[in-house]
Amino acid sequence: VNDAQLEGPNRKKTSKTAVAVFLRQNFIAWIEGAPGSGKHMTWQPVSDEVKWHSTQSIVANLVGKARWVAVAAGSEIELGHTQGKPK
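Following my numbering, the numbering of the sequence shown begins with 1250 at its first residue and continues without gaps.
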């Protein structure tokens, strides 16, 4: 691959000499419900907010055809979140 740089946020590219790239995306999720029907239906939160993040990690591949190889990926719920009825 001639251009091994990756483009990130704001069109900023990784360094030409990068050997590892780590990406973390943060999210806040919740569930909403809509009691009622038709014009009387109103959406409202019915769960706690859950903070979580998704991670991707890749490293330079020095032997194969692919320039980058994934080494770790996953999602993680913020520590301390408990399941149960909404607060």
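Quick reminder that beta carbons are idealized off the backbone N, C-alpha and C, glycines included.
Since the model is a prediction, treat every value here as computed from it, not as a measurement.
Proximity winner among the options, relative to residue i (alpha-carbon distances)
{"i": "THR1304", "options": "PHE1271, ALA1315 and VAL1312", "result": "PHE1271"}
{"i": "SER1306", "options": "LYS1262, PRO1258, SER1264 and VAL1268", "result": "VAL1268"}
{"i": "TRP1301", "options": "TRP1292, LYS1288, TRP1279 and TRP1317", "result": "TRP1279"}
Simplified DSSP state of residue i, which is helix, strand or coil
{"i": "PRO1258", "result": "helix"}
{"i": "GLY1313", "result": "coil"}
{"i": "GLY1285", "result": "coil"}
{"i": "SER1264", "result": "coil"}
{"i": "THR1304", "result": "strand"}
{"i": "VAL1318", "result": "strand"}
{"i": "VAL1299", "result": "strand"}
Residue range of the beta strand (DSSP E) that includes residue i
{"i": "ALA1236", "result": "No statement about residue 1236 is possible, as the shown extent of the chain runs from 1250 to 1336 and does not include it."}
Contacting residues, own chain, Cβ-Cβ under 7 Å from residue i (five flanking each side not counted)
{"i": "GLN1274", "result": "HIS1302 and SER1303"}
{"i": "ALA1283", "result": "MET1290, THR1291 and TRP1292"}
{"i": "GLU1281", "result": "TRP1292, GLN1293, PRO1294 and VAL1295"}
{"i": "VAL1320", "result": "SER1306, ILE1307 and VAL1308"}
Same chain only: Cβ atoms within 6 Å of residue i, ignoring 5 sequence neighbours per side
{"i": "GLY1257", "result": "none"}
{"i": "ILE1277", "result": "GLU1298 and LYS1300"}
Buried versus exposed call for residue i [16 or more other C-beta atoms within 10 Å across all chains shown]
{"i": "THR1266", "result": "exposed"}
Beta-carbon contacts of residue i that lie in its chain and below 8 Å, excluding the five residues immediately before and after
{"i": "ASN1310", "result": "ARG1316, TRP1317 and VAL1318"}
{"i": "LYS1262", "result": "GLN1254, LEU1255 and GLU1256"}
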